[in-house]
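Since the structure comes first, as structure tokens, the remarks are kept for the end.
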Amino acid sequence: RLSGCGITEEGYASLVSALKSNPSHLKELDLSNNDLKDTGVEKLSALLKDPQCRLETLRLSGCLVTKEGCASLVSALKSNPSHLKELDLSYNHPGELGVRLLDWRIHTGDWRNSSKSCRCFLYQ
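Here is the structure:
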């Protein structure tokens, strides 16, 4: 768990690089309450697109994610949807478009009619 530990943007790049070197062992990643922002989500999305990624739970609550970050996540989930079962984007600012993108992704393909979940609250 790396929740609330003050990881910088440079730190995210290093973290994702390390995770990409051996992505198959990590099952849960909690980066909640860090200033991940959309640039950090884009880096994480590259990891999620990796076919070797076996991440099942991703918590990004309170990470300052907007619609751009949501679009990156949707793209990653479209590329490699099979393992991620839980996505927590609560307490972010995805805007209506970000919520719609995530809603579309969840209700199509691999996430439809499954036990997978996504938490996302809309804040103005």
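Sequential numbering of the sequence shown, starting at 31, is according to our numbering. C-beta: ideal position from N, C-alpha, C; glycine also. Predicted model only: the values in this text are computed from it and were never measured.
How about residue i and residue j: are their beta carbons less than 9 Å apart?
{"i": "Ser-105", "j": "Ser-75", "result": "yes"}
{"i": "Leu-78", "j": "Asn-122", "result": "no"}
{"i": "Thr-38", "j": "Glu-58", "result": "no"}
{"i": "Asp-118", "j": "Thr-96", "result": "no"}
{"i": "Leu-49", "j": "Leu-56", "result": "yes"}
{"i": "Val-71", "j": "Gly-41", "result": "no"}
When DSSP labels each residue in this structure, what does residue i get in the three-state scheme?
{"i": "Glu-86", "result": "coil"}
{"i": "Leu-56", "result": "coil"}
{"i": "Leu-32", "result": "coil"}
{"i": "Asp-68", "result": "helix"}
{"i": "Leu-119", "result": "coil"}
{"i": "Cys-93", "result": "coil"}
{"i": "Ser-62", "result": "coil"}
{"i": "Leu-114", "result": "coil"}
Assuming residue i and residue j form a contact by the criterion Cβ under 8 Å, report the distance between their Cβ atoms to the nearest whole angstrom.
{"i": "Ser-33", "j": "Ser-62", "result": "4 Å"}
Rank the options by C-alpha distance to the C-alpha of residue i and give the top, closest one.
{"i": "Glu-126", "options": "Ala-101, Asp-60, Gly-92, Asn-110", "result": "Ala-101"}
{"i": "Leu-85", "options": "Asp-60, Gly-92, Asn-64", "result": "Asp-60"}
{"i": "Arg-130", "options": "Ser-109, Leu-103, Glu-116", "result": "Leu-103"}
{"i": "Pro-124", "options": "Gly-92, Pro-81, Leu-114, Cys-35", "result": "Gly-92"}
{"i": "Ser-109", "options": "Asn-64, Glu-116, Cys-83, Gly-128", "result": "Cys-83"}
{"i": "Ser-120", "options": "Asn-64, Gly-36, Ser-51", "result": "Asn-64"}
If you measure from the beta carbon of residue i to each beta carbon in chain D, is any gap under 9 Å?
{"i": "Leu-32", "result": "Absence of chain D from the displayed structure is noted, only one protein chain being present."}
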